[in-house]
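Just so it is clear: in the sequence shown, position 74 is 110 by my numbering, and no numbers are missing.
Backbone N, C-alpha and C fix where the C-beta goes; we use that ideal spot for every residue, glycine too.
Computed from a predicted structure; not experimentally measured.
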Amino acid sequence: MRDLEVSLAAAMPDSWKSACETGTNFTSSSCNKKLIGTKYFYNGYEATLGPIDTSKESKSPRDDDAHGTHTSTTAVGSIIERASLFDYAERNTRGMATPTRVAAYKVCWIGGCFSIDILATIDKAIEDGVNVMPMSLGGGTSNFYRDSVAIGAFAAMEKGILISCLTGNTGPSSYSLSNVAPWITTVGAGTLDRDFLAYVVLVMAKNTMVCHFTEEVNYRVSCCP
């Protein structure tokens, strides 16, 4: 935890060029050294469905249904000691990259997410100077040139930004995955009792690494040249 505190106490990176946008139920005090940027996008939504009903949701970066909070903490959540579910399975819990700052971009509303807003969000994130862009949204399968996530992700990839997207919540039929463009790191969960080989080329390394998940306890990852 001390490493986390030191990391977040450091000066803001020079590459960061944005700030926290405020709105209904969301003030500047909602941001801190962890959450360093927020913005919300709604022009496409309102052009299609009319004004956002502020009696049902906040027209601001406010995460009313906690979906974005859930996904962002999975990625970069700070350490929580003795977390449990109704006092069961108590243990310390954390996100994957705890000493990481977060910029949150709200693009989905009760009526859905619109392509023009998704693309505007990605453009803004690129402009702001993000390094990694995880996106927990997606629709059905489509040609890459018609898929707003794939198009936006390609632009981010060209700027050296890692794009990570979910596979979606459909299945188990064929062609049910979302966000499978080859320039996207597609993430999903599975229960298959099999090993999968992957070939990883490290930029600064001379050798290609072969990695796979074993069937041992805790599913450790084994790598060898």
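- By the criterion of a C-beta distance shorter than 7 Å, G174 is surrounded in its chain by V185, C201, L202, G204, S214, N215, once the five residues flanking it on both sides are discounted.
- Under the three-state reduction of DSSP output, N79 falls in the helix class.
- Your pair T109 and F150 does not check out as a contact, with CB atoms roughly 26 Å apart and the cut at 8 Å.
- Secondary structure at E93: coil, using DSSP grouped into helix, strand and coil.
- Cα atoms of P218 and N179: separation of roughly 12 Å, rounded to the nearest angstrom.
- When C-beta atoms of the segment 109-128 are compared with those of the segment 86-93, fewer than three pairs fall below 8 Å, so the two segments do not count as touching.
- Around C144, the same chain offers L173 as residues with beta carbons nearer than 7 Å, after the five sequence neighbours per side are excluded.
- Put simply, the backbone Cα of W52 is about 12 Å away from that of V168.
- For T105 and D99, the gap between their C-alpha atoms comes out near 7 Å.
- Boundaries of the alpha helix (DSSP H) harbouring V112: 103-112, taken from the DSSP string.
- Taking 8 Å as the upper bound for CB-CB distance, D159 and Y78 are not in contact here, some 15 Å apart.
- Between A139 and G73, the CB-CB gap stays under 7 Å.
- Where K160 is concerned, the enclosing alpha helix (DSSP H) starts and stops at 151-164.
- Ranking A189, G165, S210 by CA distance to the CA of T177 puts S210 first.
- In terms of Cα proximity to A55, the closest of Y124, E163, A125, N128 is E163.
- Nearest in C-alpha terms to R127, of all of M171, T134, R118, is R118.
- Annotation: the segment 161-215 contains the following complete segments of the alpha helix (DSSP H) (minimum length 4 residues), in chain order: 184-194.
- Excluding the 5 residues flanking it on each side, A133 has same chain C-beta neighbours closer than 8 Å at A111, V112, in chain order.
- A distance below 8 Å between beta-carbons, with the five flanking residues on each side excluded, links G165 to the following residues of its chain, in chain order: P49, S51, W52, K53, S54.
- Per DSSP, E57 lies in no beta strand (DSSP E) and is assigned neither H nor E.
- In the three-state reduction of the DSSP assignment, L228 falls in the coil class.
- The straight-line gap separating the alpha-carbon atoms of V223 and T60 is approximately 32 Å.
- For I116, the enclosing beta strand (DSSP E) stretches over residues 116-121.
- With a cutoff of 7 Å on beta-carbon distance, K142 and Y76 are scored as near each other.
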